[in-house]
Structures are given as structure tokens and as C-alpha cells.
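Shown next, in C-alpha cells, is the structure this report addresses.
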Amino acid sequence: MTEHLPVSARALRRVPLVGRREELRLLAGHVTGARARDGQGGAVLLTGEPGIGKTRLLDRLAGTCPEHRVVGIAGVRSEAQLGFTALHRLLRPFLGGLDTLPPPQREALRAAFGLAPGAADRYLAGLAALTLLTGAASVRPLLALVDDVQWLDPESADVLAFVGRCLHGDAVALVLAGRDDHDAPGPFDGIPVLSLTGLPPADARDLLAANSAGRLDPAVADRIAAETGGNPLALLRLTRTLTAEQLSGTAPLPAALPVPGPLRAHLLRRFRALPAETRTLLLVMAAAAPQESAERWRAAGYLGIPAHAADAAMSAGILTREHATGFRHPVARSAVYWGAEAADRRLVHAALAAVTDPVRAPDRRAWHRAEATVGPDAEVAGELEAAARHARAGAGPAAQAAFLFRAAELSPTERVPRFLAAARAHLVLGNPASAQAALDRAETELSPGDALLRARVRQTRTRVDLYFARLTGLPARLLDAARSVAESDAPLARRLLIEGLAAAVVGHGGTDTTTPYEFAAAVLASPALRPTATAPADLLLRGLAARLHDDYPSAVPLLRRALQAFGNAEFGSEPSGTDTFGSTESESKESGSEPSGTDTFGSTESGNAESGSEPSGTGAFGSKEFGSLPSGIRAFGSTESGGEAFGCEEEPGGDGVPLAVLALFAAEDVWDDVGGRAACTRLTGHGRDTGALGALQTALMVQALWDVRAGRFGAARAGFEEAAELAAAMDLPPHGPAQQIELLAWSGREAETRAAAAEITQVWVKQHGNDDFGDRARSCLAVLETSLGRHPQALACAREAMEKDRPGTGTRVLHEVVEAGVRVGDHRAAKQALARLEERAAVSGTPWARGLLARCRALMADDDHAEAYYAESVELLDRTGIVTEAARSRLLFGEWLRRRRRRGLARDHLRTAHRMFAGMGAVAFAERARAELAATGEQAPTGTAQADRALTPREREVARLAAGGVMNADIAVRLFISVSTVEYHLSKVFRKLGITSRRQLTSALDAEARLP
């Protein structure tokens, strides 16, 4: 039992130990040598820089030695001048044996502890301590832990060093721990040393991942691990200091990472003890990017610093002797940079700017000039803007945003467009909080008469509100903004209209006084509308407006064409003559928009060096290691982006309204599962390619809904999980079970479905005004109630959604009303729903629509006609991807046949329905089919078979990449997941495919693809 643990508080103590397997093995071997009576004890000194994990190792060691009696202390800096105080704390448990010591030792120890007059003899006090410790170890092996030996009082340090050197054949293990200083020889010379270095890269990444609240980008983890040298305390502090966006890779890291206080103070003491010219040289090296090796020496010469100034830094252990421009400890770079005065930092940045080639490295030169500038400077701001355009084609949106934001700060004019561009790019990257901060800066600069810029700011502010589901008042604000620019900027007006229409549809009943029907009328009357446009978003705008204002038949052709256009849209080329947001150059110049960018440092902390925060935009030097996105993520607005491919001059699923949601509304409304699925697949793929994480996570949820309807519940769960991971990485509100209510309902998980519906009503409808989500919840409850045979409740839920008749849900619940109405005898409701279904299915004409119509006609038909309708329904729905409804038609057909005592044919349909429901995991419907099958005299297995034995889409994608030789870290980057998640999926792939090696993946995947 540990009687005294090190008293100093450590952040690492609350964190599970990661790595250190070899160090623990060596320490355990040392401790196990201490055995009672025949012990082979001794001492060992752990050394390492602050935060390296010495204390954590001592704690782990104490917890893994149950056969030992464990005591421990830690040096306390405030007690360092009080002789023998540390020794007294260590020996206090053993002072009961003081009187058994030989008199000279007893008196020396009593004097040392102030229990007797006279001066203490350190030699005799050391012998007394040795006697007490070895005496205690004769009863039970003893482990003594002494942490922070650098803060021990000199007397205690001398005694403990003496004890350590005298332990040989005793059952005592003494483990000391202290900092690795380049000082004069200390009292512990001669004691074996175990020097702790930083965690290896893999362990450092694991520690970061275990302590990051959201998603951790592998490239970000690698850079943090490299620049901290694997120092655990530095790693942990950075998980708390850096934003979720920076950790997930959607916002750039600063060039100089912040350093934990103890480690920073430790390094700064060495730095400040150096000669002035050496300190300046170190600051030049810290301010320069790693690729600026030549510029470092040129800048030093520019400042008149001789090369031999590096000698003192190498002697102090700050620079490596092998490479005079390399810091011995990666964190030292940050400590040197932030430990310098602001004026000194500006001085070295000016020198670096002066020696940097403006042709070969314009971005780095511009950044150094900016960091050397105080106050507005139009020339420097212009140079930064040019660097942003250069970064757009190279380093990516993170660097681009940093340049733009800093340019805005230094600009005497044109500040609003640059702040606005940064805000937009934040939304593309799924960073609404930072976008909001950048918008705040933009709004403070707006002039009263600037209608175009005000409309753009309002539009972007609306997008932030949409991210956070703040719908109240949005349609009215967007409609006003669209009207104000309809003549001067038609593309902007159309974007405002489609976002406003979506907000009106989603929030009708809880948003504002502008109803969806009024908004639709305003859309159709707007001079900005393009009646002949064929781009997907334009077609959606016209189709949804026609659906609300005119009638269903006039809307269907537009919505079907929109879905087809989404599915066929080509990505990868931006039309010439378009600006970042897809509008024509003339329109862009009119409105004053700038190239989009991202802004890590767009908050009020940017540039606040005195308070210890990072410099605004630090590190946007055009290199990946300074904060650009991982490979595979392209910049919003780069030449690879889709430009006008989606219409409304907007990126596909970019920073605007989630087009995947509007495509879902359209597909449900016209029963087009093929077009809806294709559109969602393309939008999801483009979200991955462009790094538009916000739109991607929405598209993933929509894709999961299509998977539910296809009976692929495992794939749906994987999609929802990935969407939730992205939402967490973007610091968005957690999804919770509410987002999965359709999956829960079809799975027959009654309690969870009802809880999700209650959450939707309380949070999404009442608090956020998302009434469409309420209708979707009611339609899902109707499915659940029907599966449980509770038809009155099913009718109540479905009827309310039908009466509101929103695009999507209003059409999707018609067959639920018919079935429930027939079951409870409410023929009026059933006939009303059937009439609407007949009208719309005739216009839609898809197998999905016709199959549901045939089923509903069968439910209401007499026996002479019902069988043909049921057979037609089964045949049509089998041709769709809506497997859930195909199984329901078989179930209803089988039930109808059984009631007419046609058991043989009934068994065929019921057996198939049970197999389909059980295979997908629809528990309640499977039980209904099983009970009906039992009534025919055939027994089906109870429960459901294990669903989704085959690979899920995520598992298959991970396996495909791994089979192609892609390493786990790169797979994680491509799929926006962590390395540990890749490993988890691969372990499941290996188990499902029955393989043990990556070399077997290709053949196993080929075989799996041939399975039925």
C-alpha cells in the first residue's frame, strides 16, 4: 500500500499512461530485484525535461508493485532552503524505529529533524536513513519514490544520494526522478540513469487521440508529435489549447505551437542566459519556416550576427551540434519565439522579409512583412492578397484564409470582403463558430449604404444560423436580402432565395410570419429567377417553389430533372470567368467579394502575443506542415472545385444550404429513389473531395436514410456514426438518437424511437423551430406503430404529417394513412389519402410510387381485385431500392392470403417477408411475419438473423484502400476518421473475411463481391 505518494499535482496523473513499455520493463526489472531477505535492491535516476512523464511513470510503478511497501515524496521548491525537510517527509512512516538505531545515527537524525540540539552529520544521517529503510524492508520489500529531485533541499539530496549508492544486497528499490539540466555535476552522480525522451510518434498520436474531444486529423497529430518532441504534457496541453477545428485539420495550426508553462519556463531560463547575439539568432531560426534554411543565415547576416553565435546555443543544449539550425527540442522553437519581446519578433520578421525572394517565395515574404507591420498598410495588405491567390492553387484554404484575414486587418479599405471570404471558407470546412467570429469583424466595418455587401454578410450569417438550427426569422431576412440585390446581383439573389425557401419549408409553423407558400410566390415573381436554367440548384429552386405555390404536376418534371442533373453533374472543372463562389467576374467585382479562404485566427485573440496566444495566421507559408488541409481535401473555390456545375453559382453542397437535404425532399416527393440515391452519392463524394465537411456530414445522414430504406441497417448505422464524428469535429451540437429515428423505428426499438421523438419535439421543434423534423418524427412513429399493430396511433401520427403536406414527408406518409385508416375503419381518411396518392403516383410514374399505389388499392379493394393489386405491388417494389416497402407488401399479401385460407401461397410470401425483415434487422415486422407464418402451420425461427454479415460500405472502403497499399494514416485522412477507427474497421474486415494479412485482402474482396 502506498503510504506517501508524490505530493505535486500533475495533469498527467489523470490521464491513462500511453506507451513507455520499455521504460516500465526496465523499472520493473529494477524493482523486482528488491526481494525480502535476499534482495538485490539499488537506486535508479529517471531524468527528462518537464512534462516528459517522469511522475506518471512513478505512479504507474507504485500501482504495479503489490508485493512492495511503497512510500514516496516529491521535492517542493518552496522548501528547498529548509535542510532535511524532504528526508523527514520520506522517513516519517519509519520514525517509530528511531530509538532502535545505533546512538550516533539516532542522534544525527534527531538533530537533522530538529528533535535534538546540535549540528547534524550528513554521513551519520545517511547511515541512519539507510538503516531505517533496510530495516523496514526486512519485513516486506520496499519501494521508495522521490520525484522532482531538483527541488530537494541540498541536505536531503546528499543523504538520498548516499543511500542510493549504498543499496546493493537489500530489499529496497529507490527510484529518483528529476529534470535533465545541463548544469554542473549534482549529488546523484554515480547512480544509474534512465533518461526519458519523448513518446514515439505512434504513442504520441494515441495520447492525442485519447484526449481529444472530437476528431483528430492524422497529419495534425503527426505535426504536433514532431514539434513537441513527443512530450506528453505538451501534447495534453495542446489538446486543450488548440481548437477542435485545428485538431481535426479543418483549420490551420499556428507556426509556433504554444508551450506548457513549466516546460516553457525551463527552456526560457536557458534562452535568456545566452548572449544577446545568440538570442537574436535563435529568434531568427524560430521565426523562419523549416524550409527557409538559407534565409535564416541570410537574415542573420542582414542583422549583423556572426555564424559563431550559434556555438553558445549548442553548448546550452538548445541547438543540436549536428545541425546548427536545428533545435534540440522541438518545443524550444515555440519557447524562443514567444519568449521574445514583440519588437524583437518584428525585427527578425523584417529581416527575413528583406532576404526572401519575392518571385520564388512570395507568400512567405508577404507573411514576414505582415508580421513586421504594425497598423494599416495598403502595400502589405495587397501583397498578402496576392499571396492568398497563390495559396488558393497550392497550400489550400487554411493558408489562404490566414493571408486574407491578416490582409483585412492591415487594410485601410476593402476589409469587409476579406473577412467575409474567411467566414465563408470556415463554413465550407465545417467551422461555423469561427465563421461567426469573422462575420462579427466584417459587420463592424460595413457602411450603411453598401447593400450588396450587407446582403452577402446576411447570407453568410444565415448559413451560420442554419448550422446551429437557428431558424426563427430566417425566411423573412433572406427574402428581404434577395429583393435588395435581385437587379444588381442575380446570382446572389438566387442563392438567398433557395436558402430562404429551404428554411421556410423546414421551419414552417415555428419560424416567422413568412409562410412557405408566400415565399414560393416571391421566388416565382423574382426577376433573379432563370426560367430556362438547367443547373440542379436552379431546377430545385423552381421545382420546390412550384410545388408549394402552383400544384404537384407542375413541380414533378422540374424536381425529376433536378435529381437527374445532380446525379450527372461533373466535378473537377471550374468554368472560366467565374469567381470563387461561381458568379461571373463582373458580378463578383460589383459585389466586392474576395477569394474564399479559411481563418484560424479570426477571433479577437489573433495577434495578442503579449497574452500568450498565437499570432494571427501564423504559419501560412504555403507548406503542409504549417496548417494546410490533409492530402485529398481540396480548397473551396480552387480550380478543382465544381464551380457552376450545381447552379446558383454555388459550390455543390458547399457552404450554403445543404443541397443533399433539398435533393432528399425532391426525391421523396416524386418517389424517385434512383435519382435521390444518385444525387446523394455524388454530393457525398464531392464533399469528401473538396473537404466541405459541413455539407458532407449532412449528405452522410441523407445517405444513411437511403440505406435504411434499402434494408441495409448496418450501413446506415455506419453512416450516422461517421456523420456524428464529423459534427463533433466541427464542434456542432451532438446528433443523439433523434437523427436516427427512422432507423430506430424500422428496427423496432420502441423505447428508443419514442425517446427520439420526444427529443425532436422538445429540442428541434420547440427550441429550434424545425417543424419539418417534427413531421418526419411523426412519420417514423407511424411506421413503428404499424409494425406493432397499433393502427389508431399510426393513423394519428401519419394524418398530421399528411395534412401539412410538406414536400417530402407530405407525400411519403400517404400510404401509411391508407393502411392505418383501413385497419381502424376510418375510410374517410383512407380515401382522402388514396385520392392524393393516385393523383401523384400517376404524375410520378416511378415503380416506387406505382408499387405503393397498387398496395393501397389492394387494401381498399374487394377480394376480386385485391390479389392482382398485391401481386402488382410486389412486382413493382421489387424493382426499386426500397427493400423495406417491398417486404411490407409481401407481408400484407401473405396476411391477406392466409385470411382467405390459401396457406400454401401465403407461406411463400410470409416466408420471404420474414427472411427480408429478419435479415435487415426489422425486429417488429419480422415478428409479425413470424406470427402469421406460424398461423399457416409453419414455424419460423424466433428473433432475427444477424444482419449485415457482409462488409458495410465503410468497412469495404477501408479494405479497398488497404488492399491498394494505402497506409492506415493515409486512409484516415481520406475518410476523415482516426487511425484507431481505421484499425477497428480492418480488424472487423479480417474477421468477416476470415483472413489474417493485408496480402489476402484483394482476393478476399473479390470473393466477397461475388456473394449473393
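In terms of our numbering, the sequence shown is residues 29 to 1040.
Even for Gly, the Cβ is constructed at its ideal location relative to N, Cα and C.
- Apart from the 5 residues on each side of it in sequence, residue 697 sits with its Cβ closer than 6 Å to the Cβ of 835, 836, 839 in its chain, given in chain order.
- Spatial neighbours of residue 819 in its own chain (CB-CB distance under 8 Å, excluding positions within 5 residues in sequence) are listed in chain order as 813, 847, 848, 851, 852.
- The C-beta distance from residue 186 to residue 215 rounds to 5 Å, short enough to fall under 8 Å.
- A direct Cα-to-Cα measurement between residue 70 and residue 221 gives close to 12 Å.
- Taking the C-beta atoms as reference points, residue 310 is found nearer than 9 Å to residue 346.
- Of 564, 440, 408, the smallest CA-CA separation from residue 431 is found for 408.
- By the Cβ test, the segment 88-107 is in contact with the segment 167-184, since at least three Cβ pairs between them sit closer than 8 Å.
- Check the Cα spacing between residue 104 and each of 179, 324, 94, 348: the tightest is with 179.
- Judged by their CB atoms, residue 964 and residue 935 are nearer to each other than the 9 Å cut-off.
- Here residue 354 has 348 as same chain residues with Cβ atoms under 6 Å from its own Cβ, once five neighbours each way along the sequence are excluded.
- Residue nearest to residue 325 within the set 379, 278, 362 is 379 (criterion: CA-CA distance).
- Taking a cut-off of 8 Å for Cβ pairs, the segment 237-251 and the segment 270-283 touch, as three or more such pairs fall below it.
- Nearest C-alpha to residue 874 among 520, 854, 890, 904: 904.
- By the criterion of a C-beta distance shorter than 7 Å, residue 588 is surrounded in its chain by 698, 700, 703, once the five residues flanking it on both sides are discounted.
- An exposed status is given to residue 144, since fewer than 16 other beta-carbon atoms sit within 10 Å of its beta-carbon.
- A contact between stretches requires three or more CB pairs, one per stretch, nearer than 8 Å, and the segment 222-232 fails this requirement with the segment 188-202.
- In this structure, 134 is the residue among 566, 250, 134 with its C-alpha nearest to the C-alpha of residue 155.
- With a cutoff of 9 Å on beta-carbon distance, residue 94 and residue 164 are scored as not near each other.
- Secondary structure remark: continuous alpha helix (DSSP H) runs of at least 4 residues inside the segment 692-728, in chain order: 701-718.
- Within the same chain, Cβ atoms closer than 6 Å to the Cβ of residue 548 are found at 573, 576, 577, the five residues on either side in sequence being excluded.
- A straight line joining the alpha-carbon of residue 444 with that of residue 45 spans about 48 Å.
- Distance from the CA of residue 167 to the CA of residue 96, rounded to the nearest whole angstrom, comes to 10 Å.
- DSSP places residue 511 in the uninterrupted alpha helix (DSSP H) bounded by 502-513.
- Secondary structure within the segment 848-877: the alpha helix (DSSP H) runs of 4 or more consecutive residues, fully enclosed, are 855-872 (chain order).
- Here DSSP, grouped into helix, strand and coil, assigns residue 181 to coil.
- Taken atom to atom, the span from the alpha-carbon of residue 687 to that of residue 566 is near 11 Å.
- CA-CA distance, residue 1011 to residue 985, rounds to 13 Å.
- Only buried fits residue 78, as 16 or more other CB atoms lie within 10 angstroms of its CB.
- Here residue 203 has 72, 173 as same chain residues with Cβ atoms under 6 Å from its own Cβ, once five neighbours each way along the sequence are excluded.
- Where residue 223 is concerned, the enclosing beta strand (DSSP E) starts and stops at 221-223.
- In the three-state scheme derived from DSSP, where H, G and I count as helix and E and B as strand, residue 195 is classed as coil.
- Assignment of residue 347 by DSSP, reduced to helix, strand and coil, places it in the strand class.
- Burial is judged here by how many other beta carbons sit within 10 angstroms of a residue's own beta carbon; residue 377 has at least 16 and is buried.
- The alpha-carbon of residue 322 is positioned some 20 Å away from that of residue 364.
- Exclusion of the five residues before and after residue 249 leaves 233, 236 as the residues of its chain whose Cβ lies within less than 6 Å of its Cβ.
- By the C-beta density criterion, residue 246 is buried, having at least 16 other C-beta atoms within 10 angstroms.
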